[in-house]
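S.K.:
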Amino acid sequence: KLNKLHPYKIRLVQELSEDDFDRRVEFCEVMMQMIIDDPLFLNNFSFSDEAIFELNGQVNRHNSKYWSNVNSHWMSNHIQNPQKVNVCAGIFNSTPVGPFFIEGNLTAQIYENMLQEQIIPVIRNLADGNFDDIYFPQDGAAPHYGVNVRRDLDEF
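Residue numbers (the numbering used here): 7 to 162.
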C-alpha cells in the first residue's frame with residue numbers, strides 16, 4: 007500500500023508463433039475476397055458454443071468486482087457440487103439454432119449424438135438443400151476433436 011501497488015491477476019492467452027501473424031492476415035484477405043465474391047458467404051456458417059449454467063443462481067465470482075472505500079469483507083456461500091445444466095446453442099443464416107440441453111458432462115460421444123440427432127437435422131432443414139456449402143467451425147474444446155465427431159463433420 008505504501009508504494010501504491012495493486013494486485014493483478016495473470017491472464018493466460020494462447021501463445022502465437024512467428025508465422026501466426028502472417029496467417030491471420032492471409033486468412034482475413036481470403037475471407038474478405040470470398041465475401042466480395044459472394045456477399046451472402048457468411049450465411050453458410052453455422053456458429054455454435056456450449057455453456058454451463060449453475061441452477062443455484064451463482065455466477066462466476068472472477069467476473070464480479072465490488073468497489074468500496076473500505077473492505078466490507080463480503081462473502082458468498084459456495085455450494086460444493088451445485089446442480090448445473092450444459093446448454094448448446096448456435097446461429098445459422100441469422101436464425102437461432104437450439105438451445106439443446108446436455109445431460110452431464112459434454113464428451114465426444116455426447117457431442118456426436120447431439121450433432122447427428124439435433125443440430126445437423128435443424129441446419130439441414132434451414133439450408134434448403136444447399137447443404138454442401140455449409141461450414142461448421144469448431145473451437146478447441148476436447149469433445150469437438152473426437153474421431154467420430156471429426157468424421158461426421160467432414161461428411162457434413
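Heads up, the beta-carbon is just placed ideally off N, CA and C, and yes, glycines get one too.
Can you give the Cα-Cα distance for Leu159 and Ser52, rounded to whole angstroms?
M.R.: 12 Å
S.K.: Val103 and Ala3 - do their beta-carbons sit closer together than 8 Å?
M.R.: Since the first residue shown for the chain is 7 and the last is 162, residue 3 is missing from the structure and cannot be characterised.
S.K.: Buried or exposed, going by whether 16 or more other CB atoms sit within 10 Å of the CB of Leu121?
M.R.: buried
S.K.: How far does the beta strand (DSSP E) with Val76 in it extend, from its first residue to its last?
M.R.: Counting along the chain, Val76 falls outside any beta strand (DSSP E), and DSSP gives it neither H nor E.
S.K.: So, with DSSP's three-state summary, where would you put Val91?
M.R.: strand
S.K.: Expressed to the nearest angstrom, what Euclidean distance is found between the alpha-carbon atoms of Asn50 and Gln20?
M.R.: 28 Å
S.K.: With DSSP collapsed to three states, give me the class of Ile140.
M.R.: coil
S.K.: Residue range of the beta strand (DSSP E) that Glu109 falls in?
M.R.: First-last for Glu109: undefined, no H or E at that position.
S.K.: Tell me which residues share the same chain as Ile97 and place their Cβ nearer than 6 Å to its Cβ, disregarding the 5 neighbours each side in the sequence.
M.R.: Phe53
S.K.: Taking the beta strand (DSSP E) that Asp145 falls in, what are its first and last residues?
M.R.: Element bounds for Asp145: n/a, residue is neither H nor E.
S.K.: Please report the residue range of the alpha helix (DSSP H) in which Ile126 lies.
M.R.: 126 to 133
S.K.: Is Asp55 helix, strand or coil when you go by DSSP?
M.R.: strand
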